[in-house]
């Protein structure tokens, strides 16, 4: 009787499983995911910065893929969706999550004018886990942290060479296959194109980086920042991998932090700097004993973004010496330019105009004006701006270690 009962339970389970799977294949079950009939076995993965994410098996290939839905409700979400699609399609690198295809609802190809769609679906490779989940188990060994961070910088070097700022680097957006110790950067929902030949001051939106990984420059000048903000976030991530906890999550109030930097005299800040030199790493970095590791963190977590290591320079630091190989650290052969960002502006204006030809003409003229303004702000002008920033924040340069001791 016991065997019969067990058999009956198993049969009922199979029937229930089949029935459930049938329901899972419906668009209603997939949280509004209208994928057509090619995808089965859906599993929720989480919520990205701009949309829902789940995984499913593509019956055409038998491969499990991650699927991100970008809902386009208004002109702003349309622009963000178009920008994310444009960026992810071009970033082909071993340490960047690969995008397989982008489709319209019901698995249809994108129309010539995707701005009229209610949603887009990005199909990309499905990774095993992310760094945030991995760090829930505690800090990584120095060997594992070094290998993973090398891959992070390798991917970041490529991204920056394509003139792209990620703007939301954090452990949850860094994906890992643990069996291969393979790391890939993903979720470009907040990424932005920044052409280094033009000044983007005043044209960049306020930083949306998660506050624990937000650089001082982004706090002090939210509409004027560079690729250095990604490097600051990367330094925070390395510290978290080595210590097992978020670097700036404890005893940290951003408002008082900014106020303290702006109001304290340079002489007092210099005294704090000297004190930090003597004590901060002994207290905060008791797990980090190697001198090259401490030096590496200092050079990345420096206040002045002009003195912060770039991804390319960081790859040649002694901390990563065992993995460094410039010949195998490629850069983008097709970087984005200012016109790519202008196209995003046109998409937004087009969706706002609802195909009104007169309005479209006005919006085009506005974009041309924007282009002219950016052309006037040449690279030389940009360098002058950076030099002024250096003089205005000279005291921050003396505090590259002070941040650590104040946050213990």
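In my numbering, the protein residues as written are 1 to 408. Where is the CB? At the ideal position from N, CA and C, for every residue including glycine.
query, result
"Taking buried to mean at least 16 other C-beta atoms within 10 Å of its own C-beta, is residue 325 buried or exposed?", "exposed"
"Could you pull the DSSP bridge partners for residue 183 from this structure?", "176"
"Quick one: what does DSSP say residue 156 is sitting in, helix, strand or coil?", "helix"
"Can you name the residues that DSSP bridges to residue 68?", "53 and 122"
"If contacts are defined as beta-carbon pairs under 8 Å, then residue 246 and residue 175 qualify, I think. What distance do you get, rounded to the angstrom?", "Between residue 175 and residue 246 the Cβ distance is about 19 Å, and since that is not below 8 Å, they are no contact."
"Identify, in the order they occur along the chain, each residue of the same chain with its Cβ nearer than 7 Å to the Cβ of residue 134, setting aside the five sequence neighbours on each side.", "176"
"Is any non-hydrogen atom of the ligand FMN found closer than 7 Å to the C-beta of residue 186, if you look at the structure I gave you?", "This structure does not include the ligand FMN; it has no bound ligands of any sort."
"When you compare only the Cα positions, how much space is there between residue 155 and residue 232?", "15 Å"
"DSSP has residue 102 in a bridge; who is on the other side?", "122"
"Going by DSSP, what residues sit across from residue 193 in a beta bridge?", "164"
"What are the start and end residues of the beta strand (DSSP E) that includes residue 45?", "39-47"
"Count the other C-beta atoms from every protein chain shown that fall within 10 angstroms of the C-beta of residue 181, then say buried if there are 16 or more, exposed otherwise.", "exposed"
"Mind the definition here: the region 235-246 touches the region 144-152 only if three or more C-beta pairs lie below 8 Å; say whether that holds.", "yes"
"Counting along the chain, where does the alpha helix (DSSP H) carrying residue 86 start and finish?", "75-90"
"Leaving out the 5 sequence neighbours to the left and right, which residues in its chain are closer than 6 Å to residue 215 when beta-carbon positions are compared?", "229 and 232"
"With distances taken from CA atoms, which of 40, 143, 164 and 130 is nearest residue 170?", "130"
"Assess contact between the region 295-313 and the region 137-148, defined as three or more Cβ pairs (one per stretch) separated by less than 8 Å. Is contact present?", "no"
"Quick one: using the 10 Å Cβ neighbour count with 16 as the cut-off for buried, is residue 63 buried or exposed?", "exposed"
"The alpha helix (DSSP H) with residue 294 in it runs from where to where?", "291-300"
"Per DSSP, what kind of secondary structure is residue 337 in: helix, strand or coil?", "coil"
"Indicate whether the contact test is met: 3 or more Cβ pairs, each with one atom in the region 307-318 and one in the region 335-342, closer than 8 Å.", "no"
"Between the alpha carbons of residue 33 and residue 42, how many angstroms are there, rounded?", "10 Å"
"For residue 109, which beta-bridge partners are listed by DSSP?", "103"
"For residue 95, which option in 78, 160 and 67 has the closest C-alpha, if you only look at C-alpha atoms?", "160"
"Looking at the structure shown, is residue 322 part of a helix, part of a strand, or coil, going by DSSP?", "coil"
"For residue 63, does the three-state DSSP call read helix, strand or coil?", "strand"
"In this structure, how does DSSP classify residue 363 when only helix, strand and coil are distinguished?", "Low confidence applies to residue 363: its pLDDT is 43, below 50, so where it sits in the model is not reliable enough to give any reading."
"Since residue 71 contacts residue 56 with CB under 8 Å, what's their CB separation in whole angstroms?", "So it is not a contact: roughly 18 Å between Cβ atoms."
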